[in-house]
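Undergrad: Chains as they are written, first to last, in the working numbering: chain A, 1 to 317; chain B, 1 to 317; chain C, 1 to 317; chain D, 1 to 317.
Glycine residues also receive a C-beta, built at the ideal position from the N, C-alpha and C atoms.
No experiment lies behind these values; they were computed from the predicted model shown.
Below is a structure I'd like to ask you about.
4 protein chains.
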Amino acid sequence: MLGASGYAGRELCALILDHPELVLAFATANEQRGARARIGRHTIEFSATESARLGDAALVFSALPHGTSKEWIARARDAGARAVDLSADLRPGNGCEGIPYGLTELSREQVRNAPLVSNPGCYPTSILTALAPLFARDLVADDCPIVIDAASGVTGAGNSPKRELLFAEVADDYRAYGFSDGTGNVHRHLREMRAVAESLGCAADLVFTPHLLPVARGILATMTVTLRAPIQGETLTPWRATYAGERFIELVDEPPTLRDVVHRNVVRIAAMPLAGTRRPTLLVLSAIDNLVKGAAGQALQNANLMLGLEEAAGLPS
Amino acid sequence: MLGASGYAGRELCALILDHPELVLAFATANEQRGARARIGRHTIEFSATESARLGDAALVFSALPHGTSKEWIARARDAGARAVDLSADLRPGNGCEGIPYGLTELSREQVRNAPLVSNPGCYPTSILTALAPLFARDLVADDCPIVIDAASGVTGAGNSPKRELLFAEVADDYRAYGFSDGTGNVHRHLREMRAVAESLGCAADLVFTPHLLPVARGILATMTVTLRAPIQGETLTPWRATYAGERFIELVDEPPTLRDVVHRNVVRIAAMPLAGTRRPTLLVLSAIDNLVKGAAGQALQNANLMLGLEEAAGLPS
Amino acid sequence: MLGASGYAGRELCALILDHPELVLAFATANEQRGARARIGRHTIEFSATESARLGDAALVFSALPHGTSKEWIARARDAGARAVDLSADLRPGNGCEGIPYGLTELSREQVRNAPLVSNPGCYPTSILTALAPLFARDLVADDCPIVIDAASGVTGAGNSPKRELLFAEVADDYRAYGFSDGTGNVHRHLREMRAVAESLGCAADLVFTPHLLPVARGILATMTVTLRAPIQGETLTPWRATYAGERFIELVDEPPTLRDVVHRNVVRIAAMPLAGTRRPTLLVLSAIDNLVKGAAGQALQNANLMLGLEEAAGLPS
Amino acid sequence: MLGASGYAGRELCALILDHPELVLAFATANEQRGARARIGRHTIEFSATESARLGDAALVFSALPHGTSKEWIARARDAGARAVDLSADLRPGNGCEGIPYGLTELSREQVRNAPLVSNPGCYPTSILTALAPLFARDLVADDCPIVIDAASGVTGAGNSPKRELLFAEVADDYRAYGFSDGTGNVHRHLREMRAVAESLGCAADLVFTPHLLPVARGILATMTVTLRAPIQGETLTPWRATYAGERFIELVDEPPTLRDVVHRNVVRIAAMPLAGTRRPTLLVLSAIDNLVKGAAGQALQNANLMLGLEEAAGLPS
């Protein structure tokens with residue numbers, strides 16, 4: 001595990017430590033090297049990234065910062081290890097196509113036995129998993145944007161000490177942030193989502209506004225979609241078709257909430273038609289734990305497939 | 001003050017008690033009649049609604065429950081009092097047109113010296129104030145919906161003891177609620193907003209998804225609007241034109257947050273074009289305190305106008 | 001399970017549903033009978049208490065309200081079932097001595113194979129477990145009070161819808177409550193603690209002030225104890241002696257926090273001498289999850305012993 | 001205003017900006033010099049501390065860091081300005097006796113017209129104001145400690161970006177911190193309290209355990225005091241005698257809560273005898289806003305007296 005001191009890194013260490021088949025070979029954290037961290041019942045010691053014996057690991061996870069991770073993934077591969085990159089470095093839309101993108105339920109066959117997988121961002125996991133069944137059936141009108149408003153707990157912003165993430169700044173507040181602006185500066189996750197959505201057949205524009213919630217964990221995405229035509233029969237039909245038998249996808253009739261999903265490796269999805277509009281309009285809601293299905297859990301799910309293990313091994317559902 | 005024990009009622013009592021010109025004649029709360037409540041430095045005693053001497057008041061505020069308020073407003077009018085109704089009973093879209101609708105900055109002349117005003121809902125105040133300049137200039141494309149996702153603190157749901165509003169249920173959670181569904185059951189505030197938006201010249205569909213935040217106060221509305229054409233010049237130009245000189249409207253370049261507006265009688269608005277879409281798309285954000293500009297503050301602002309007082313008297317800015 | 005709809009009841013149902021040896025025979029909740037509740041991955045249906053087939057169960061848990069529980073425990077016993085009472089009805093200090101009191105680590109032999117156990121309150125679990133080693137070694141001066149200030153998350157107050165437990169009332173606040181007053185009205189948990197402390201050899205007065213925290217779960221107890229003489233050697237020595245080998249007792253050098261213990265069946269304890277006082281004074285801190293070690297977890301720990309199962313079966317550590 | 005960018009500094013700038021008689025001459029913040037900050041309706045620009053024209057100000061407030069403040073206070077005095085030091089540098093118990101200590105209600109005559117005042121810490125303000133009436137009447141037994149457990153919102157820890165103050169670390173948690181330990185390292189506020197308590201006639205030991213609350217503002221202190229003899233008559237009699245006519249001291253029968261005092265320059269105090277103890281034991285509770293009466297508000301209250309202004313000018317009650 002490279003980059004083990006952040007929230008996603010710790011979550012992944014915890015999952016590995018309780019995994020029935022895996023052993024944690026090393027956990028690096030340059031700034032905290034030598035420090036001990038309690039992770040659940042376990043205590044680990046962080047080592048320097050440089051000292052990691054990459055070749056000793058069957059599989060290397062990297063949760064290093066964006067920009068840094070790429071190089072270490074290359075070193076791990078050179079040392080003969082498989083690798084899962086939790087950073088944005090190798091994701092679609094960031095100039096690095098062709099590497100299997102581990103939105104597991106949608107790309108299981110590419111992930112299985114792959115030597116290297118790029119793990120999706122937390123927002124994209126929540127949003128693309130929820131929208132993919134509409135793309136697959138070409139249900140989306142292409143002349144109106146798909147409007148995505150999403151809200152995330154603060155662990156999504158990492159644990160670097162920044163003033164705007166202090167308790168006294170975040171509590172009792174709620175804000176939009178990091179949205180694309182007129183200068184062409186588009187949120188990293190939006191680039192990722194647009195690239196993947198296009199590859200899944202989406203011809204509509206995606207617009208995306210993330211918000212910061214005064215909670216530690218969880219993402220709720222609220223998606224408004226103009227349809228070509230109303231969905232016939234039960235609204236969830238496209239999702240039931242795409243995700244039949246998937247244990248980590250939960251299709252529900254009630255709006256999903258953060259509480260339903262925290263500490264679990266699931267995406268929970270609801271969909272309902274909106275009333276009183278001239279064109280058929282659908283509300284799609286999806287919730288995940290940003291640190292589990294949105295990061296460490298999905299990374300482990302992918303690793304299980306890459307190593308030929310039981311896909312659900314060590315994952316909290 | 002009729003219906004003084006809820007969050008909006010108490011907020012309004014507090015404002016009246018500190019008002020330089022007004023005196024609180026009575027504060028009714030049937031279920032708590034006889035009880036004393038501390039409101040800031042003051043202590044008031046709740047009386048029964050039946051015992052209110054409506055004719056003794058120059059102006060009667062009602063924050064009685066929806067459905068009940070209408071009758072008491074009629075009684076107050078019969079007794080010769082002017083009245084401001086904070087309930088939904090007399091608002092547009094609820095079958096009761098023709099009564100001045102107190103979105104103050106947009107209907108100041110109808111409110112001034114009116115005998116009766118219907119005070120807007122909290123969501124409509126936040127949303128319609130923010131969208132009106134686009135309607136006034138006919139900037140909105142009419143073939144895509146205006147997508148409104150909004151999040152409110154829990155005081156917006158009142159202070160009746162309901163299990164789903166308990167601390168242990170709301171904390172650490174976030175959820176969509178009360179949205180319109182396929183059966184034609186549309187949120188009360190959406191009916192109100194559609195009726196008013198149409199009267200303001202909006203031809204596009206409005207869709208609206210409210211969410212419940214784990215905070216006590218504040219509303220943030222996130223609105224995505226497809227435009228007929230990009231706004232020329234500075235994006236805020238339409239708002240600067242509509243709201244020139246308005247002391248309770250704040251136009252800002254940074255995304256507004258709850259912290260900026262709580263305990264203040266303001267609407268804070270930002271607007272910015274979104275990048276990477278084929279059609280010009282605008283993000284509009286607005287924030288209010290749901291109990292102040294979204295209820296008690298605006299009610300007092302309207303009352304000041306009705307009584308010929310200084311519009312800002314007794315209002316926290 | 002009798003009284004399954006409260007927070008402790010649900011927590012216990014969840015533990016039973018995931019227990020390797022136990023099966024949930026019924027879950028009663030009179031007011032919600034017929035309703036379905038999602039508990040983790042499981043869905044259960046509440047039945048009426050009257051309809052519970054008590055004789056079918058090997059062991060009956062009751063989390064019925066104080067005052068009501070006693071009668072149902074008697075019925076369960078008459079029907080031949082063992083029973084664990086989570087209410088206060090059968091606890092020491094409440095007029096009902098002689099029944100094994102399930103502070104497990106201190107009364108394991110009385111609990112093992114007992115037909116009936118009274119499960120301790122949450123505050124007493126946290127506090128008595130932490131103080132017992134001092135009593136056992138007669139270290140406490142008897143002319144000064146043991147001062148216990150404790151703070152609990154709101155699930156300790158149950159999930160009945162009361163106005164003072166609404167999110168908007170509890171958030172951003174902190175208060176002392178339910179303390180004994182001059183009229184002789186002493187908190188139920190204090191009576192329980194005084195009775196048990198005396199039985200453990202304590203001759204000092206206990207004073208106790210509980211506080212309500214704006215968090216969902218967890219208790220932290222802060223205890224200040226005047227000692228007969230300073231503890232020789234390492235401060236934690238008395239605790240290490242009393243709790244050697246106990247897997248659910250964690251003795252630590254750093255002050256324990258709620259985060260360390262939530263969702264776990266442990267008591268975490270620290271002790272440190274205070275500086276600058278003329279008499280030797282000790283600070284003892286202990287933290288538990290009020291719903292786990294403070295209620296459902298300890299109830300299951302006791303049940304495991306009563307049934308001759310592995311003591312830790314089904315318990316999250 | 002020197003050191004204007006912290007929470008107390010900003011609070012004091014806001015009070016000065018709204019003060020009827022004072023003008024904010026400068027607001028320094030070395031690390032943020034040149035930056036603009038919105039404070040309520042106002043926008044200020046931080047300047048470098050070195051550039052402050054100390055001689056232009058009638059009175060200089062310093063909220064510079066402990067250790068740094070002392071030197072700048074000396075420079076301000078040399079330049080002919082009066083000064084209020086909000087840091088710990090000049091407080092009793094920190095090696096710097098003889099300077100008027102601005103616990104206003106207890107030292108009004110020393111503060112009035114003084115050229116220099118040391119402003120008390122937030123905990124000492126809450127605690128000493130509540131205990132002083134007991135010291136004044138010699139009611140406290142001297143052979144048992146006065147046990148003080150107090151809990152503070154996180155703004156008490158300042159706004160430097162530290163990992164342990166991040167939202168995701170503080171939310172849902174509660175912890176004791178900074179307590180005196182066996183090595184003789186005593187909390188700075190405890191040294192201050194012991195020195196002042198002794199000067200007020202207290203012969204008992206003070207022990208003090210502060211805790212960190214997951215709220216932004218407010219302190220609640222819970223004090224358990226062994227008395228020489230029960231208080232005759234109404235328990236609050238000593239307080240009513242000491243604080244007759246004080247507008248910023250509120251004596252109440254119900255336990256005070258944070259909500260009662262935030263954003264207000266008051267100390268709210270309750271006292272009640274505890275039942276079931278052999279020696280007379282009193283519980284004293286006091287609540288303040290740590291940034292107002294615990295810092296900026298009391299600093300301004302002192303400044304008003306120093307300058308011969310109305311004591312309450314510009315203070316929120």
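For the alpha helix (DSSP H) that contains isoleucine 16 of chain D, what are its first and last residues?
TA: Here the alpha helix (DSSP H) through isoleucine 16 of chain D covers 7-17.
Undergrad: If the cut is a Cβ gap below 9 angstroms, which residues of chain A does tyrosine 123 of chain B touch?
TA: Ordered by position in chain A, no residue passes the 9 angstroms Cβ test against tyrosine 123 of chain B, which lies about 15 angstroms from the chain.
Undergrad: Taking the alpha-carbon positions, what's the arginine 240 of chain A to arginine 247 of chain A distance?
TA: Those two C-alpha atoms are separated by around 12 angstroms.
Undergrad: Contact check, leucine 283 of chain C vs leucine 274 of chain C under 8 angstroms by CB: the rounded distance?
TA: Confirmed, Cβ separation roughly 6 angstroms.
Undergrad: Roughly how many angstroms lie between the CA atoms of threonine 43 of chain B and glutamate 310 of chain C, to the nearest whole one?
TA: Whole-angstrom Cα-Cα distance: 59 angstroms.
Undergrad: Exposed or buried, what is asparagine 304 of chain B when buried is set at 16 or more other beta-carbons lying within 10 Å of its beta-carbon?
TA: Burial call: buried.
Undergrad: Looking at the C-beta of lysine 293 of chain A, does it have a partner C-beta in chain D at a distance below 9 angstroms?
TA: No, lysine 293 of chain A does not count as interfacial toward chain D.
Undergrad: Give me the Cα-Cα distance between valine 267 of chain B and tyrosine 243 of chain B, rounded to the nearest whole angstrom.
TA: So the alpha carbons of these two residues sit roughly 11 angstroms apart.
Undergrad: May I ask you to list the residues that DSSP assigns as paired with tyrosine 101 of chain D?
TA: In DSSP, tyrosine 101 of chain D forms a bridge with D:Ser118.
Undergrad: Here's a check: name, in chain order, each residue in its chain whose Cβ is nearer than 6 angstroms to the Cβ of arginine 82 of chain D, leaving out the five neighbours to either side.
TA: Excluding sequence neighbours, arginine 82 of chain D sits near Leu59, Pro115 and Met306.
Undergrad: Grouping DSSP H, G and I as helix and E and B as strand, with all else coil, what is histidine 42 of chain D?
TA: It is a strand residue.
Undergrad: Give me the subset of the segment 201-212 of chain D whose CB atoms are less than 8 angstroms from a CB atom of chain C, sorted by chain position.
TA: The segment 201-212 of chain D vs chain C, Cβ under 8 angstroms: Asp205, Val207, Thr209 and His211.
Undergrad: Using the rule of at least 16 other Cβ atoms within 10 Å of the residue's Cβ for burial, across every protein chain shown, is serine 51 of chain C buried or exposed?
TA: Exposed.
Undergrad: What residue range is occupied by the uninterrupted beta strand (DSSP E) comprising valine 284 of chain D?
TA: First-last of the beta strand (DSSP E) with valine 284 of chain D: 281-288.
Undergrad: Which residues in the same chain as aspartate 205 of chain A place their Cβ atom closer than 6 angstroms to its Cβ, once the five residues preceding and following it in sequence are excluded?
TA: These residues qualify, in order along the chain: Pro145.
Undergrad: Mind checking the segment 141-152 of chain C against chain D and listing, in chain order, the residues whose C-beta falls within less than 8 angstroms of any C-beta there?
TA: Residues passing the 8 angstroms Cβ filter: Asp143, Cys144, Pro145, Val147, Asp149 and Ala151.
Undergrad: Would you say valine 215 of chain C faces chain B, with C-beta separation under 9 angstroms as the test?
TA: Yes, contact with chain B.
Undergrad: Taking 7 angstroms as the limit between beta carbons, can you name the residues of its chain near arginine 264 of chain A, skipping five residues before and five after?
TA: Correct list, in chain order: Asp289, Val292, Pro316 and Ser317.
Undergrad: I need the straight-line Cα distance from alanine 221 of chain B to threonine 237 of chain D, nearest angstrom please.
TA: In a straight line, the C-alpha of alanine 221 of chain B is about 52 angstroms away from that of threonine 237 of chain D.
Undergrad: According to DSSP, is serine 87 of chain D helix, strand or coil?
TA: Note: serine 87 of chain D maps to coil in three-state DSSP.
Undergrad: Counting C-beta neighbours from all protein chains within 10 Å, is the total for glycine 9 of chain C 16 or more, i.e. buried, or is it exposed?
TA: Under this definition glycine 9 of chain C is a buried residue.
Undergrad: Which full runs of the beta strand (DSSP E) of 3+ residues lie inside the segment 248-310 of chain A, going along the chain?
TA: The segment 248-310 of chain A contains these whole beta strand (DSSP E) runs: 249-251, 267-273 and 281-288.
Undergrad: Counting only C-beta atoms, is alanine 114 of chain D closer than 9 angstroms to chain C at any point?
TA: Cβ-Cβ to chain C under 9 angstroms: no for alanine 114 of chain D.
Undergrad: Sorted by chain position, which residues of the same chain lie with C-beta nearer than 7 angstroms to alanine 14 of chain A's C-beta, five sequence neighbours on each side aside?
TA: Excluding sequence neighbours, alanine 14 of chain A sits near Ile39 and Gly40.
Undergrad: Determine the contact status of alanine 63 of chain D and glycine 3 of chain D, defining contact as a CB-CB distance below 9 angstroms.
TA: The answer is yes: Cβ separation under 9 angstroms.
Undergrad: Spell out the partners DSSP gives leucine 166 of chain D in its beta bridges.
TA: Its beta-bridge partners are A:Leu166.
Undergrad: Determine the burial state of glycine 182 of chain D: buried for a count of at least 16 other Cβ atoms within 10 Å of its Cβ, exposed for fewer.
TA: Bear in mind that a pLDDT of 46 at glycine 182 of chain D, under 50, signals an unreliable position, so the number given afterwards is only what the model happens to contain. Classification for glycine 182 of chain D: exposed.
Undergrad: Mind checking if arginine 38 of chain D is an interface residue toward chain E, Cβ cutoff 9 angstroms exclusive?
TA: Given the protein chain composition of this structure (A, B, C and D), no chain E is represented.
Undergrad: Compare the C-beta of arginine 175 of chain C with all C-beta atoms of chain B and state if any pair is closer than 9 angstroms.
TA: No, its Cβ sits nowhere closer than 9 angstroms to a Cβ of chain B.
Undergrad: Suppose you measure from the CA of alanine 270 of chain C to the CA of proline 255 of chain C; what does that come to, to the nearest Å?
TA: So the two alpha carbons sit approximately 6 angstroms from each other.
Undergrad: Does any residue of chain C bring its CB to less than 9 angstroms from the CB of valine 117 of chain D?
TA: Not one chain C Cβ lies under 9 angstroms of valine 117 of chain D.
Undergrad: Exposed or buried, serine 87 of chain B, counting other C-beta atoms within 10 Å across all chains shown (16 or more means buried)?
TA: Result: buried.
Undergrad: Rounded to a whole number of angstroms, what is the C-alpha to C-alpha distance between glycine 184 of chain A and tyrosine 123 of chain D?
TA: Any answer about glycine 184 of chain A is weak, because its pLDDT of 49 lies below 50 and its placement is not dependable; what the coordinates show is given next. For glycine 184 of chain A and tyrosine 123 of chain D, the distance between alpha carbons rounds to 50 angstroms.
Undergrad: Among B:Gly102, B:Phe167 and B:Gly67, which residue has its Cα nearest to the Cα of tyrosine 7 of chain C?
TA: Nearest of B:Gly102, B:Phe167 and B:Gly67 to tyrosine 7 of chain C, Cα basis: B:Phe167.
Undergrad: So, does the CB of aspartate 18 of chain D fall closer than 9 angstroms to a CB anywhere in chain B?
TA: It does not; no Cβ of chain B falls within 9 angstroms.
Undergrad: Below 8 angstroms on the Cβ atoms is my guess for alanine 229 of chain B versus leucine 128 of chain B; work out the distance and round it to an integer in Å.
TA: About 23 angstroms separates the two Cβ atoms, so there is no contact after all.
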